[in-house]
Amino acid sequence: MSILSFNRSQRLLVVERDGFGLRAAVVRAEKKRMVIEQVAISRAPHFNAALVEAVEEIRKNDKSAPRRAILLAPEVVPALLELPVDPKNPRPTPQMEEMIRWEMEPYLDQEVVTRSIGAILIGRGYLSLADARRVLERMEEKKSERQLRAPGERRPMLRFGEAAIELELIDNEQLEECLKIQESFQWGDDEYVCGWTSQPRQIEEAEEKANKDRHAWLACGLSRGLRERWRKEFAQLNLSLEGIYPLTACSAAALNGEFTKEASAVLDFQAGMVGCTRLSGGTIEGVRVYHVIGNFPSLDVCCDMVGSRVKTIWLSGRGDALPSFAEALSARLSREVQIIPCDNAENLPEALAPESVAGWVGAVRHVLCQPGVERAVCIPAADPPPPVHLRVAVWWGAVIGLTLLVIGAVEGSMAFQVWKAEAKEAKILQALRPVEEKLEQINAGIAEVAGLQEKVAARYHETELLEKRKVFLTNELPHTGKLLAALLEAVARAVTKEVVIDRMVAEEGDEVEMGGWALSERAVQQFSRRLASVITADNLEVADVSVRSTPGRLGMRGYAFDLKLVPLKQEAGRQ
59 MSILSFNRSQ RLLVVERDGF GLRAAVVRAE KKRMVIEQVA ISRAPHFNAA
109 LVEAVEEIRK NDKSAPRRAI LLAPEVVPAL LELPVDPKNP RPTPQMEEMI
159 RWEMEPYLDQ EVVTRSIGAI LIGRGYLSLA DARRVLERME EKKSERQLRA
209 PGERRPMLRF GEAAIELELI DNEQLEECLK IQESFQWGDD EYVCGWTSQP
259 RQIEEAEEKA NKDRHAWLAC GLSRGLRERW RKEFAQLNLS LEGIYPLTAC
309 SAAALNGEFT KEASAVLDFQ AGMVGCTRLS GGTIEGVRVY HVIGNFPSLD
359 VCCDMVGSRV KTIWLSGRGD ALPSFAEALS ARLSREVQII PCDNAENLPE
409 ALAPESVAGW VGAVRHVLCQ PGVERAVCIP AADPPPPVHL RVAVWWGAVI
459 GLTLLVIGAV EGSMAFQVWK AEAKEAKILQ ALRPVEEKLE QINAGIAEVA
509 GLQEKVAARY HETELLEKRK VFLTNELPHT GKLLAALLEA VARAVTKEVV
559 IDRMVAEEGD EVEMGGWALS ERAVQQFSRR LASVITADNL EVADVSVRST
609 PGRLGMRGYA FDLKLVPLKQ EAGRQ
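For what it's worth, the working numbering labels the leading residue of the sequence shown as 59, then goes sequentially.
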């Protein structure tokens with residue numbers, strides 16, 4: 059199950075964790091070479107602290123260190139499975155994952171064990187195997203002493219770490235450190251994630267017929283919670299974790315094809331464990347992992363893991379005693395045992411043996427899809443996305459795209475309708491232009507006629523005024539003059555020294571308003587009676603006489619009066 063394509067960046071950060079320490083390296087792939095640019099080592103007991111320390115050291119020396127990383131860890135459990143799934147016609151990913159997880163559970167459950175504190179002390183280098191034997195002997199002595207005590211006297215059993223401190227082989231600080239490491243191995247949970255890749259086999263025709271429905275798949279499994287924790291810890295350092303590999307099952311992918319044609323096996327020795335990968339015809343036919351105390355198991359264990367069919371045995375991993383162990387194993391099996399060739403790993407530090415980075419080379423070749431990719435397997439750092447047709451984002455994208463398409467179609471239709479309307483409007487406006495010109499001419503004529511009508515009305519008004527003046531001058535003025543002359547003569551005859559006339563106003567219909575002032579009311583009454591008798595000859599009579607007290611000339615006390623001279627009414631029946 060390859061997670062990266064060949065055309066991606068050829069520079070990776072490889073992190074290897076064995077539970078007792080951590081190594082990180084920048085690896086650059088150049089055609090058939092693997093150049094180890096730099097290596098950083100951390101012995102911090104916690105994985106997160108060790109990762110931070112190693113990455114910071116690498117970035118201090120390389121400002122452009124790669125952001126993509128892979129991890130090799132002992133918690134990833136490899137296995138070779140027989141499944142009724144043809145590699146040429148695999149099932150959908152969810153079905154494959156469920157089937158692989160079901161088959162991997164027995165292997166994973168066997169690995170969910172806590173490392174003994176003794177194995178961790180040896181792995182950290184605080185105890186040797188001889189020291190561990192002394193500790194065990196001390197524990198047996200204490201156990202015997204405890205059994206000889208009185209039945210009612212109870213003392214707790216002496217634990218391994220306490221016995222090592224009594225013998226002054228370790229101190230409390232080293233024991234606390236190893237107890238923290240022991241906690242990190244308690245990684246089991248109820249859910250696992252898996253990776254897989256097919257293994258084409260070259261088998262006899264009879265065997266092929268018997269197993270035509272079974273196919274070999276190289277798989278590996280890991281706790282989902284542990285994978286998520288590691289992915290977040292890498293992400294905090296701005297690193298993209300793209301795959302997690304088994305610690306002891308990648309060295310076989312570092313072998314070139316000519317070394318894997320015959321039956322062979324690869325033994326990968328790591329701190330506290332050894333992995334055995336059996337090869338036949340260039341593909342894997344068996345994978346086993348064995349936990350040990352120290353770096354090397356017994357020769358009997360190695361013989362059992364390798365089996366009797368293999369002709370060549372390759373050794374990889376860490377340990378200065380690897381060459382001598384190869385000689386001893388070769389003598390025991392009477393077969394060829396060699397150190398794995400890693401000639402394509404260049405630029406290694408002097409303290410780093412080529413065989414100790416065989417797992418790195420195999421994992422990087424798998425990442426880059428180079429030859430041998432089928433001999434390695436990894437856990438993807440994240441679950442594969444669901445099928446395209448089931449992704450929520452795709453559905454939303456489709457909905458949004460369809461919505462935009464509908465909106466675009468509506469807008470396009472509306473734009474076309476607007477264009478048609480504008481074209482029609484332009485055509486109508488062009489046809490209406492002569493009409494508008496005619497209307498402008500008519501409106502101009504109407505305005506001109508309105509102006510002429512205003513002039514005619516003004517002339518008519520002037521004519522009416524002239525006519526009225528003519529009538530007044532010819533008819534009313536002579537009559538009014540005669541009337542006023544008669545009135546003045548009548549007033550002169552009627553007025554006395556006690557009366558003063560202030561005004562005389564001629565009204566329409568031969569009416570005359572008259573106002574004045576007198577020294578007394580009696581004088582007003584005498585004036586009105588004399589005037590009434592005088593103007594009778596002129597067919598007028600006095601009406602509407604009103605008198606009111608008011609000061610007169612020189613502040614004299616007197617009475618103002620008003621009266622009207624109106625035409626004399628004809629008595630009823632008078633001829």
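Using N, Cα and C, we set each Cβ at its ideal position, and we do this for glycine too.
(request) Please confirm whether any heavy atom of the ligand NAP lies closer than 7 Å to the CB of E95. (result) This structure lacks the ligand NAP, and indeed carries no ligand of any kind.
(message) Rounding to the nearest angstrom, what Cα-Cα distance links M167 and D76 in this structure?
(response) For the purposes of this step, residue 167 is identified with residue 109 of the sequence shown, where counting begins at 1. For the purposes of this step, residue 76 is identified with residue 18 of the sequence shown, where counting begins at 1. In the sequence under discussion, the amino acid at residue 167 is Asp, which differs from the Met named in the question. Between D167 and D76, the C-alpha separation is close to 19 Å.
(request) Decide if the region 411-425 is in contact with the region 274-289; the criterion is three or more beta carbon pairs, one per stretch, under 8 Å apart. (result) no
(request) Could you tell me which residues DSSP puts in a beta bridge with Q96? (result) Translated into the one-based positions of the sequence shown, residue 96 becomes position 38. V84, per the DSSP bridge assignment.
(message) To the nearest angstrom, how far is the alpha carbon of L337 from that of S374?
(response) In the sequence shown, counting from the first residue as 1, residue 337 sits at position 279. In the sequence shown, counting from the first residue as 1, residue 374 sits at position 316. Approximately 15 Å between the Cα atoms of the pair.
(message) Just to confirm my understanding: we take M331, look at its own chain, exclude 5 residues before and 5 after, and list those with CB closer than 7 Å. What are they?
(response) The count along the sequence shown starts at 1 and reaches residue 331 at position 273. The beta carbon of M331 sits closer than 7 Å to those of P132, T306, V347, Y348, H349, V350, all from its chain and outside the five residues before and after it, given in chain order.
(request) State yes or no: is the C-beta of A590 within less than 8 Å of the C-beta of V557? (result) In the sequence shown, residue 590 corresponds to position 532, counting from 1. In the sequence shown, residue 557 corresponds to position 499, counting from 1. Cβ distance not < 8 Å, so A590 and V557 don't count as in contact.
(message) Give me the residue from T255, V368, Q328, M363 with the minimum Cα distance to D378.
(response) Locating residue 378 in the sequence shown gives position 320, counting from the first residue. Among T255, V368, Q328, M363, the Cα nearest to that of D378 is on Q328.
(request) Taking only the alpha-carbon atoms, compute the straight-line gap between V85 and G430 and give it to the nearest angstrom. (result) Within the sequence shown, residue 85 is the residue found at index 27, counting from 1. Within the sequence shown, residue 430 is the residue found at index 372, counting from 1. If I take the Cα positions, the gap works out to 18 Å.
(request) If I'm right that I128 touches V415 with Cβ under 8 Å, what's the distance once you round it to whole angstroms? (result) The sequence position of residue 128 within the sequence shown is 70, counting from 1. The sequence position of residue 415 within the sequence shown is 357, counting from 1. Contact doesn't hold; Cβ gap of about 13 Å is too wide.
(request) Could you check how far apart the C-beta atoms of C360 and L325 are, in whole angstroms? I think they sit under 8 Å. (result) Your numbering for residue 360 matches position 302 in the sequence shown. Your numbering for residue 325 matches position 267 in the sequence shown. Correct: roughly 6 Å between the Cβ atoms.
(request) Grab the span of the beta strand (DSSP E) containing G573 for me, first residue to last. (result) Within the sequence shown, residue 573 is the residue found at index 515, counting from 1. G573 -> beta strand (DSSP E) spans 570-576.
(request) Check G283 in the structure and name its three-state DSSP category. (result) The residue you call residue 283 lines up with position 225 of the sequence shown. Three-state result, G283: helix.
(message) So for F585, helix, strand or coil by DSSP?
(response) Sequence index remark: in the sequence shown, residue 585 carries index 527 (1-based). If DSSP states are grouped into helix, strand and coil, F585 belongs with the helices.
(message) Tell me the residue span of the beta strand (DSSP E) that contains M562.
(response) The residue given as residue 562 occupies position 504 in the sequence shown. Run containing M562: 557-564, per the beta strand (DSSP E) assignment.
(request) With DSSP collapsed to three states, give me the class of A137. (result) The residue given as residue 137 occupies position 79 in the sequence shown. A137: strand per DSSP, three-state reduction.
(message) Which same chain residues end up closer than 8 Å to E241 when comparing Cβ atoms and leaving out the 5 residues on each side of it in sequence?
(response) Taking the first residue of the sequence shown as position 1, residue 241 is located at position 183. Answer for E241: no residue qualifies.
(request) Classify P152 as buried or exposed, calling it buried when 16 or more other Cβ atoms lie within 10 Å of its own Cβ. (result) Against the sequence shown, residue 152 aligns to sequence position 94. Label assigned to P152: exposed.
(request) Taking 8 Å as the cut-off, decide whether the C-beta atoms of A98 and A87 are in contact. (result) Position 40 of the sequence shown, counted from the start, is the residue given in the question as residue 98. Position 29 of the sequence shown, counted from the start, is the residue given in the question as residue 87. Contact: no.
(request) With a floor of 4 residues, list each alpha helix (DSSP H) that falls wholly inside the region 396-469, ordered by position along the chain. (result) 416-425
(request) Alpha carbon to alpha carbon, how far is R272 from I437? Give it in angstroms, no decimals. (result) The residue you call residue 437 lines up with position 379 of the sequence shown. The residue you call residue 272 lines up with position 214 of the sequence shown. Cα atoms of I437 and R272: separation of roughly 23 Å, rounded to the nearest angstrom.
(request) Starting from G616, follow the beta strand (DSSP E) in both directions and report where the run begins and ends. (result) For this step, residue 616 is matched to residue 558 along the sequence shown. Segment 615-625, the beta strand (DSSP E) holding G616.
(request) Could you name the residues of the same chain whose beta carbon sits closer than 6 Å to that of S256, not counting the 5 residues immediately before and after it, in chain order? (result) Numbered from 1 along the sequence shown, position 198 holds the residue referred to as residue 256. Answer for S256: P145, W275, listed in chain order.
(message) Alpha carbons only, please: which of L623, V624, P609 is nearest the one belonging to Y617?
(response) Here residue 617 corresponds to residue number 559 of the sequence shown, with the count starting at 1. Here the closest residue by C-alpha is P609.
(request) Within 10 angstroms of the Cβ of V143, are there 16 or more other Cβ atoms? Answer buried if so, exposed if not. (result) Counting from one through the sequence shown, the residue named residue 143 turns up at place 85. So V143 ends up on the buried side.
(message) Alpha carbons only, please: which of T594, M614, S322, F619 is nearest the one belonging to K627?
(response) Against the sequence shown, residue 627 aligns to sequence position 569. With distances taken between Cα atoms, K627 lies closest to T594.
(request) Return the first residue and the last residue of the alpha helix (DSSP H) that C334 is part of. (result) Taking the sequence shown and counting its residues from 1, the one referred to as residue 334 is at position 276. Looking at the DSSP string, C334 is not in any alpha helix (DSSP H); the run it does join, the beta strand (DSSP E), is 331-338.
(message) Could you compute how far the alpha carbon of Q68 sits from the alpha carbon of L299?
(response) Position 10 of the sequence shown holds residue 68. Position 241 of the sequence shown holds residue 299. Rounded to whole angstroms, Q68 to L299 spans 15 Å at the Cα level.
(message) Residues in the same chain with beta-carbon distance under 8 Å from L237, minus the five sequence neighbours each way, listed in chain order, please.
(response) Along the sequence shown, one-based indexing puts residue 237 at 179. Contacts found: I175, G219.
(request) Let me know the alpha helix (DSSP H) ranges lying completely inside the region 498-555, each 4 residues or longer, listed in chain order. (result) 535-552
(request) Spatial neighbours of S578 within its chain, please: CB distance less than 8 Å, with the 5 preceding and 5 following residues excluded, ordered by chain position. (result) Here the question's residue 578 lines up with position 520 in the sequence shown. Taken in chain order, the residues that qualify are E556, G616, Y617.
(request) Please say whether G301 and A439 have beta carbons closer to each other than 8 Å? (result) Taking the first residue of the sequence shown as position 1, residue 439 is located at position 381. Taking the first residue of the sequence shown as position 1, residue 301 is located at position 243. Cβ atoms of A439 and G301: closer than 8 Å.
(request) Would you tell me roughly how many angstroms separate the C-alpha atoms of R196 and S186, rounded to the nearest one? (result) The residue you call residue 196 lines up with position 138 of the sequence shown. The residue you call residue 186 lines up with position 128 of the sequence shown. When rounded, the distance between both Cα atoms is 15 Å.
(request) In the DSSP assignment, find the beta strand (DSSP E) that holds S298 and state where it starts and stops. (result) Taking the first residue of the sequence shown as 1, we reach residue 298 at position 240. It spans 298-304 - the beta strand (DSSP E) in which S298 sits, taken as one unbroken run.
(request) Take E483 and list the residues in its own chain whose beta-carbon comes closer than 7 Å to its own, dropping the five residues that flank it on each side. (result) Translated into the one-based positions of the sequence shown, residue 483 becomes position 425. Closer than 7 Å at the Cβ level, and outside the excluded window around E483, lies no residue.
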